[in-house]
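What follows is one structure encoded as structure tokens, with my remarks underneath.
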Amino acid sequence: MSALTVDPKSLAFDSGRSPRPEAIGQLMERGDLRSYENGTLGMSGPALWLFRYFERKFLEMAFRYGASERQYPTLMPISVMERTDYFKSFPHHATFAMCLDRDTTSLRQFVDAVKGGERVEEGAASRVRSAGAVLSGAVCYHCYAELQDRPITGEPLVLTTQGRCFRYEHGEFAPLRRQWEFTMREIVLLGPEAPIASMREKLLLEVVAFAKAHGLTGRIDVASDPFFGAVEGRARTLLQRAQSLKYELLVDVTGQKGGDLAIASFNLHGDSFSRTFGLSLPDGQQASTGCIAFGLERWVAAFTAYHGVDPSAWREVIPASEFAPTPNRGAV
Amino acid sequence: MDRNQFEERLLTFIRKLCVENGITADIGRDTALFENRLINSMRIIDLMGFIESELSIEVPEDKLTMNFFRTPRIISDTFCPPGGDAKA
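First to last, the sequence lines map onto chains A and B. Numbered per my numbering, the first sequence spans residues 1 to 332. Numbered per my numbering, the second sequence spans residues 333 to 420.
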């Protein structure tokens, strides 16, 4: 079993503060957040400063665990992703890269149609084709693909990467909290099963301490991914929960029912990615993998829910040394 | 199908599944299926498919926890309780 050695319920923490759900609206009124209402947003001023702060802190955390840093493309070849269960498990999230047919006649017809007043989407509908790529749904897939068929050394091997991820939630978007496009930092673990489970637990405890030190109210709970329905989806949900393969750090950001926001997840994958990508240990056994994932925008949402949108109030929990240069208001 | 019939069929299925996957284990009605790694990512889909097709049910989301799947006895009590009709 993969359960934590401590009772997850014992890890709950309470800041004594009530969350202020109006914080996101205030950031938008000030211009520090710009929601484009299609599940994407822009940031500037203090909101962006906070985002960069959490970027730094999570990268520092990864380095403390010996992580080797990576940067990967946002586009992932479909030929790689279709080897995983991604399209069977999360078809509802997939965002494909498409392009117009390169045939000159077809392009000319498209241009003429648009010049003639036809909407771009209508003009493109019959002329697009797959570009053979999908926008990353998570960043850790890139790590497994990079290490394909190589023996994994290290107890465990630790990589870290941050990237833009895309999960199309079919219109059910909420600024900072549920976005089509968002930023994920992952600490990816590869190696023998026991050291990975042990490091996952150490990182989970460190992230809980970090969230507590930043004045949030939260708890750890067993979780499951939003697998697509039918028998396979239900089976995978059961297995994840039964084997404690996934935990989430949940923070209440509204003070109302349904206000929990998962701002980090702690995942064990067993050998499912190892079998797909030929990741083996030096003795020839299948490696195991795991990952710790941070949703950067969600940390901004959680932090401002408890500390408001005025950076002077943030100094209560963020050391003064982190505040150079002084954050400015969003300005053109 | 009554509860005891289902439990027998479930045990037969799980034993066959294990044999097919090279697992030698004594499977009884109180055998812990997940703690003993008898059910893994490969076999869980077969198990779920068996339960749902045998009982013509779709397991609801709130029952997708180990509390309801820990042993063959618990699965049978949950989804085909005494008194007969399968329940989801």
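Beta carbons are placed, not taken as given, at the ideal position from N, Cα and C, and that holds for glycine.
Residue range of the unbroken alpha helix (DSSP H) whose run includes residue i
{"i": "Y65/A", "result": "No alpha helix (DSSP H) holds Y65/A; DSSP gives it neither H nor E."}
{"i": "S15/A", "result": "Looking at the DSSP string, S15/A is not in any alpha helix (DSSP H), and its letter there is neither H nor E."}
{"i": "P392/B", "result": "Careful: P392/B lies outside any alpha helix (DSSP H) and carries neither H nor E."}
{"i": "C165/A", "result": "No alpha helix (DSSP H) holds C165/A; the beta strand (DSSP E) holding it covers L157 to F166."}
{"i": "L343/B", "result": "R335 to E352"}
{"i": "G25/A", "result": "A23 to E29"}
{"i": "C143/A", "result": "C140 to E146"}
{"i": "L370/B", "result": "L370/B -> no alpha helix (DSSP H), and no H or E assigned at all."}
{"i": "A125/A", "result": "V120 to A125"}
{"i": "T304/A", "result": "L296 to H307"}
{"i": "S321/A", "result": "Where S321/A is concerned, there is no enclosing alpha helix (DSSP H), given that its DSSP letter is neither H nor E."}
{"i": "F228/A", "result": "Careful: F228/A lies outside any alpha helix (DSSP H) and carries neither H nor E."}
DSSP three-state assignment for residue i, whether helix, strand or coil
{"i": "H214/A", "result": "coil"}
{"i": "R375/B", "result": "helix"}
{"i": "M81/A", "result": "helix"}
{"i": "A313/A", "result": "helix"}
{"i": "P73/A", "result": "coil"}
{"i": "D112/A", "result": "helix"}
{"i": "R150/A", "result": "coil"}
{"i": "G278/A", "result": "coil"}
{"i": "V332/A", "result": "At V332/A, the pLDDT of 39 sits below 50, so the modelled position is not reliable and the matter cannot be decided from this model."}
{"i": "T363/B", "result": "coil"}
{"i": "I355/B", "result": "coil"}
{"i": "L205/A", "result": "helix"}
Cutoff 7 angstroms: residue i Cβ touching any chain B Cβ
{"i": "L239/A", "result": "yes"}
{"i": "R234/A", "result": "yes"}
{"i": "V6/A", "result": "no"}
{"i": "A213/A", "result": "no"}
Span of the beta strand (DSSP E), counted from its first residue to its last, around residue i
{"i": "G191/A", "result": "E181 to G191"}
{"i": "G132/A", "result": "V128 to L135"}
{"i": "A97/A", "result": "F96 to L100"}
{"i": "G42/A", "result": "L41 to M43"}
{"i": "L33/A", "result": "L33 to S35"}
Test: residue i CB closer than 7 angstroms to a CB of chain A
{"i": "L349/B", "result": "no"}
{"i": "L396/B", "result": "yes"}
{"i": "S408/B", "result": "no"}
{"i": "M374/B", "result": "no"}
{"i": "M333/B", "result": "no"}
{"i": "F366/B", "result": "yes"}
{"i": "I377/B", "result": "yes"}
{"i": "L381/B", "result": "Here residue 381/B is Gly; the residue named in the question, Leu, does not match the sequence. Yes - at least one Cβ of chain A is within 7 angstroms of the one on G381/B."}
Counterpart residues of residue i in DSSP-defined beta bridges
{"i": "T289/A", "result": "L190/A and G270/A"}
{"i": "K246/A", "result": "N267/A"}
{"i": "A262/A", "result": "L250/A"}
{"i": "I407/B", "result": "BP columns for I407/B are empty, so no partner."}
{"i": "V222/A", "result": "Y247/A"}
{"i": "A174/A", "result": "R178/A"}
Residue i and residue j closer than 7 angstroms at C-beta
{"i": "Q347/A", "j": "S265/A", "result": "The first residue shown for chain A is 1 and the last is 332, placing residue 347/A beyond what the model contains."}
{"i": "P392/B", "j": "R361/B", "result": "no"}
{"i": "L147/A", "j": "V188/A", "result": "no"}
{"i": "A211/A", "j": "P19/A", "result": "no"}
{"i": "M76/A", "j": "V134/A", "result": "yes"}
{"i": "I355/B", "j": "R347/B", "result": "no"}
{"i": "T289/A", "j": "S15/A", "result": "no"}
{"i": "D32/A", "j": "P46/A", "result": "yes"}
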